[in-house]
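A.B. asks:
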Amino acid sequence: MGNPVPFEYCEVCGDDQHPCFKILDCWWEYFDVVQYLKNRLPEDQFNRLMAATPKPKITSLLELIEQARKRNA
Amino acid sequence: METKKVLLTEDEIPRQWYNILADIKMNPPLGPDGKPVSPDMLAPVFPMNLIEQEVSSERWIDIPEEVLRVYCMWRPSPLVRAYALEKALDTPARIYYKYEGVSPPGSHKPNTAVAQAYYNKVFGIKRLTTETGAGQWGSALAFACSQFGLECKVFMVRISFDQKPYRKTMMATWGANCVASPSTETKAGQQILEQYPDTPGSLGIAISEAIEAAVTDPSGQTRYSLGSVLNHVMLHQTVIGLEAKKQMEKIGEYPDVVIGCAGGGSNFAGLAFPFVYDKFNGKKIDIHPVEPAACPTMTRAPFAYDHGDTIGMTPLLPMHSLGHTFIPPPMHAGGLRYHGMAPTVSQLIVEGILEPKAYKQLDTYNAGMLVAKTEGFISAPETNHALACVVDLAKKAKEEGKEKVILFNFSGHGLIDLGAYEQFLSGNLKDYEYPAKEIEEAEKILEQYPKPQIIKSH
Chain A
1 MGNPVPFEYC EVCGDDQHPC FKILDCWWEY FDVVQYLKNR LPEDQFNRLM AATPKPKITS
61 LLELIEQARK RNA
Chain B
1 METKKVLLTE DEIPRQWYNI LADIKMNPPL GPDGKPVSPD MLAPVFPMNL IEQEVSSERW
61 IDIPEEVLRV YCMWRPSPLV RAYALEKALD TPARIYYKYE GVSPPGSHKP NTAVAQAYYN
121 KVFGIKRLTT ETGAGQWGSA LAFACSQFGL ECKVFMVRIS FDQKPYRKTM MATWGANCVA
181 SPSTETKAGQ QILEQYPDTP GSLGIAISEA IEAAVTDPSG QTRYSLGSVL NHVMLHQTVI
241 GLEAKKQMEK IGEYPDVVIG CAGGGSNFAG LAFPFVYDKF NGKKIDIHPV EPAACPTMTR
301 APFAYDHGDT IGMTPLLPMH SLGHTFIPPP MHAGGLRYHG MAPTVSQLIV EGILEPKAYK
361 QLDTYNAGML VAKTEGFISA PETNHALACV VDLAKKAKEE GKEKVILFNF SGHGLIDLGA
421 YEQFLSGNLK DYEYPAKEIE EAEKILEQYP KPQIIKSH
C-alpha cells in the first residue's frame, strides 16, 4: 500500500471482510497477533486463517467473475 | 571523461519480448473447480489477444509498432554506471542500474500498461478498469489509456485514496476516472458500504469492483487490466532486460549478479528473465529477487504461507502484556507487501535458478539515502530493497577482493512517496529482531506440513 496501515485494516481486508490471510506474516513482529486473534475469532474462522494459503491469481480472477455475475443476476 | 550512461538509439530498441514460458515447465492454472482453465473462461475480463499471450509458449513475441511508438517517449531507458555509489562503498564491484524512473508515471509499470492498452484497443475495447493500492499501477494505466484513446476507470483503496492525493491527481490529469473503493458504483462496493460505512477499503474489494465494472458492462466493450503477477505482464516487462543486455554488450560488460525488488514480480522479471535465458544456456550468473524481511513471500519466515503453530514465538509484545483494550499502532506497509508472487518467479526459485533475498526496512531506507546522496535520484521505497541488496553484495565484493559486475533495476523514483521518507527521517520507521532460536523452532513445526508438488524444467 505504501502508507501507514492500521491493524483494523488487516482485520477486515480479506475475503468477506475477514482478516487478510497474511495478517500473521505482517504483524507477528509487533505483538502476539496469533494469540490475539485466537482470543477474538470464532474457532472455525481462526483455524481457516491458520491454514490459509494464497490462491493462484487466475483462480481468484475466475472466482471474482462468477461472484460479480451472481451479484448482478 | 568516463562514460556515465550507456544509451541506445530508438532504432536499437528490442523488437520482440522474451517469453520465459518457452523455457520452463509450469503446472497449468486451475479454476475454482480444480480443472485446468480454458482461454474462454478469461474472456470476460481480458481480450483474446492478451489471453493468447498469457498461455503462449512462443519464445519471442513481436512488439507492435504502435507500442514501440509510445515506448519511445522514454525508451530505451538509460543504463547508468553508479560511479559515485561505488566510490562511497569503496568497492571493487562495478555497479550498473537500469533507470526506469524516466517513464511519464515514473516507474517500470507503463511497459505493460501501454501494451495492454494497445491490445485492448485493437480488440475493439473502449474502456479499461483496474484497482490500485498506492496508485503506481493506476497512474501507469491512466497514462497508457490516454495514449490510445481509451476510457480508464480506477478503483483506489480508500485508505490510500485519502492518504495519497497526488497519485489520483496524476490519473485525473491523464483523463482517468479514479474513485475511492469501496464505491457506490458497483454492487460489491454498495454491499460493503452498507455493512461497514467507515471501512478503509482493501485491494480485495477494489479488485472485486474493477472486475464487476468490466463484467457487467452491457455493451461488452469494457475489460479489466492487471499490473503484475500474470505471464503476459512479465512478458511485456522483459524489454527492460533485453535493452540492458544490448547496453552492456556495447561496453563489453556482462553482469555477475542481477538484482530487482519483487512484490508481484514484474519489475524483477523484466530485468532478470532475459538473463535467466542466458543462465539456462550456460552463463554463470547470480540472480536475486529481493523482498522485505518483515513480510516475506519468497524467503522463509515464521509464518510465510503455512502459518503452523506458534509455540515458542516471541513477538515484540507478548499477549499477557497487552490488556483487553490493546490496539496496535499503525505500521508502514511498503508496496512490496503484495499478496501473491508471479508463478513464473516462484517456479524459478523452486528450480534454484533464482536466489531470493530479504532485507529489513531500515537497511532499505539507508541504502536509498546513500544512493540519493551519491547518484542523485531519490528511489521509490520498493526500489530501496534492491538497493539494500546492491550495497550488501558490493561490500561483500570488497571483503573478497572481487571485481564483480552488479546490475540492478532502479524500478522507479520516489518523488511521490516522500511521506515514507519523511517517516524514516523522523525516526518513525523501526525494525524488529526475531530470535534465530525461535525461527529454528518454527521451522521444525513447519516441516510437518505438506509441500507443493515440484516440477523441474532442466
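First to last, the sequence lines map onto chains A and B. Counting from 1, one number per residue, gives the positions in the first sequence under our numbering. Counting from 1, one number per residue, gives the positions in the second sequence under our numbering. Note that CB positions come from ideal geometry on N, CA and C, so glycine has one too. Note that the structure is a prediction, hence the values are computed from the model and not measured.
Could you tell me the distance, in whole angstroms, from the CA atom of B:Lys250 to the CA atom of B:Gly414?
C.D. replies: Rounded to the nearest angstrom, the two C-alpha atoms are 29 angstroms apart.
A.B. asks: Distance cutoff 8 angstroms, beta carbons only. Does B:Lys187 sit that close to anything in chain A?
C.D. replies: Chain A contact via Cβ: present.
A.B. asks: Output needed for B:Lys126: all residues of its chain with C-beta closer than 8 angstroms, excluding positions within five of it in sequence on either side, in chain order.
C.D. replies: If we look at B:Lys126 and ignore the five residues flanking it on each side, its Cβ neighbours are Leu150, Glu151, Ser219, Gln221 and Thr222.
A.B. asks: Are the C-beta atoms of B:Thr344 and some chain A residue less than 8 angstroms apart?
C.D. replies: With 8 angstroms as the cut-off, B:Thr344 does not count as an interface residue toward chain A.
A.B. asks: Mind checking if B:Gln196 is an interface residue toward chain A, Cβ cutoff 8 angstroms exclusive?
C.D. replies: Correcting the residue identity first, residue 196 of chain B is Tyr in this sequence and not Gln. Yes, B:Tyr196 counts as interfacial toward chain A.
A.B. asks: Quick one: using the 10 Å Cβ neighbour count with 16 as the cut-off for buried, is A:Leu64 buried or exposed?
C.D. replies: Buried: at least 16 other Cβ atoms inside 10 Å.
A.B. asks: Does A:Pro19 get closer than 8 angstroms to chain E when you measure Cβ to Cβ?
C.D. replies: In summary, chain E is missing from the structure at hand, where the protein chains are A and B.
A.B. asks: How many angstroms separate the CA atom of B:Met156 from the CA atom of B:Lys164?
C.D. replies: Their backbone Cα atoms lie some 10 angstroms apart in a straight line.
A.B. asks: Round the Cβ separation of B:Ala293 and B:Lys360 to the nearest angstrom and send it over; I've been treating them as touching at under 8 angstroms.
C.D. replies: The pair is a contact, with the Cβ atoms about 5 angstroms apart (cut-off 8 angstroms).
A.B. asks: Which chain B residues sit within Cβ distance under 9 angstroms of A:Asn47?
C.D. replies: Those within 9 angstroms of A:Asn47 in chain B number zero; the least Cβ separation is about 10 angstroms.
A.B. asks: Threshold first: 3 residues or longer. Then list the beta strand (DSSP E) segments lying entirely within the region 23 to 83 of chain B, N to C.
C.D. replies: Here the runs fully enclosed are 60 to 62 and 79 to 81.
A.B. asks: What does A:Asp15 touch in chain B if you count any residue whose Cβ is under 7 angstroms from its own?
C.D. replies: Neighbours of A:Asp15 on chain B, chain order: Gly204.
A.B. asks: What residues from chain A crowd round B:Met41, counting only those whose CB sits closer than 7 angstroms?
C.D. replies: Within chain A, the residues near B:Met41 are Leu62.
A.B. asks: Count the other C-beta atoms from every protein chain shown that fall within 10 angstroms of the C-beta of B:Gln53, then say buried if there are 16 or more, exposed otherwise.
C.D. replies: The residue in question, B:Gln53, is buried, as its Cβ has 16 or more Cβ neighbours within 10 Å.
A.B. asks: Taking only beta-carbon atoms, is A:Ala68 less than 8 angstroms away from chain B?
C.D. replies: It does: the Cβ of A:Ala68 has a partner Cβ on chain B nearer than 8 angstroms.
A.B. asks: Given B:Cys72, which residues of its chain have a CB within under 6 angstroms of its CB, disregarding the five upstream and five downstream residues?
C.D. replies: Cβ within range, chain order: Glu10.
A.B. asks: Relative to the alpha-carbon of B:Leu79, which residue among B:Gly419, B:Ala420, B:Ile406 and B:Trp60 has its alpha-carbon at the smallest distance?
C.D. replies: Of the candidates B:Gly419, B:Ala420, B:Ile406 and B:Trp60, the one whose C-alpha sits nearest the C-alpha of B:Leu79 is B:Ile406.
A.B. asks: So which residues on chain A does B:Thr208 lean against when the C-beta distance must stay under 8 angstroms?
C.D. replies: One point to set straight first is that residue 208 of chain B is Ser, not Thr, in the sequence displayed. The answer, in chain order, is Leu64, Gln67 and Ala68.
A.B. asks: From the DSSP output, in three-state form, read off B:Arg167 for me.
C.D. replies: Here B:Arg167 sits in helix by DSSP.
A.B. asks: Can you check whether the C-beta of A:Pro42 is within less than 8 angstroms of a C-beta belonging to chain B?
C.D. replies: Answer no: the Cβ-Cβ gap between A:Pro42 and chain B never drops below 8 angstroms.
A.B. asks: Just curious, the beta strand (DSSP E) that B:Leu128 is in, first and last residue?
C.D. replies: B:Leu128 -> beta strand (DSSP E) spans Arg127 to Thr132.
A.B. asks: Would you say B:Thr129 faces chain A, with C-beta separation under 8 angstroms as the test?
C.D. replies: No, because no Cβ of chain A sits closer than 8 angstroms to the Cβ of B:Thr129.
A.B. asks: Any C-beta of chain A sitting closer than 8 angstroms to the C-beta of B:Val229?
C.D. replies: Closer than 8 angstroms to some Cβ of chain A, the Cβ of B:Val229 qualifies, so yes.
A.B. asks: Need the endpoints of the alpha helix (DSSP H) that A:Trp27 sits in, please.
C.D. replies: Per DSSP, A:Trp27 belongs to the alpha helix (DSSP H) from Ile23 to Trp27.
A.B. asks: Measure from the C-beta of B:Val179 to each C-beta in chain A and report whether the shortest distance is under 8 angstroms.
C.D. replies: So, not an interface residue.
A.B. asks: If you measure between the beta carbons of B:Ile13 and B:Glu253, is that distance less than 8 angstroms?
C.D. replies: The answer is no: Cβ separation not under 8 angstroms.
A.B. asks: For B:Phe148, which residues in the same chain have their Cβ closer than 7 angstroms to its Cβ, ignoring the five residues on either side in sequence?
C.D. replies: If we look at B:Phe148 and ignore the five residues flanking it on each side, its Cβ neighbours are Ala117, Tyr118 and Lys121.
A.B. asks: Ends of the alpha helix (DSSP H) at B:Phe424?
C.D. replies: It spans Leu418 to Leu425 - the alpha helix (DSSP H) in which B:Phe424 sits, taken as one unbroken run.
A.B. asks: Return no unless some Cβ of chain A is closer than 8 angstroms to the Cβ of B:Leu30.
C.D. replies: Cβ-Cβ to chain A under 8 angstroms: yes for B:Leu30.
A.B. asks: Between which two residues does the alpha helix (DSSP H) harbouring B:Ile406 extend?
C.D. replies: Taken as a continuous stretch (DSSP letters only), B:Ile406 belongs to no alpha helix (DSSP H), being part of the beta strand (DSSP E) at Val405 to Phe410.
A.B. asks: Against B:Val239, what residues of chain A qualify as contacts under a CB-to-CB distance less than 8 angstroms, listed in chain order?
C.D. replies: Ordered by position in chain A, no residue passes the 8 angstroms Cβ test against B:Val239, which lies about 22 angstroms from the chain.
A.B. asks: Which value, in whole angstroms, describes the spacing of the CA atoms of B:His108 and B:Gly368?
C.D. replies: When rounded, the distance between both Cα atoms is 18 angstroms.
A.B. asks: So is B:Glu65 buried or exposed if we call it buried at 16+ other beta carbons inside 10 Å?
C.D. replies: It counts as exposed.
A.B. asks: What's the gap between the Cα of B:Arg158 and the Cα of B:Tyr365?
C.D. replies: Their backbone Cα atoms lie some 26 angstroms apart in a straight line.
A.B. asks: Compare the C-beta of A:Asn72 against all C-beta atoms of chain B and say whether one is closer than 8 angstroms.
C.D. replies: So, interface residue.
A.B. asks: Pick helix, strand or coil for B:Ala140, following the three-state DSSP scheme.
C.D. replies: Helix at B:Ala140.
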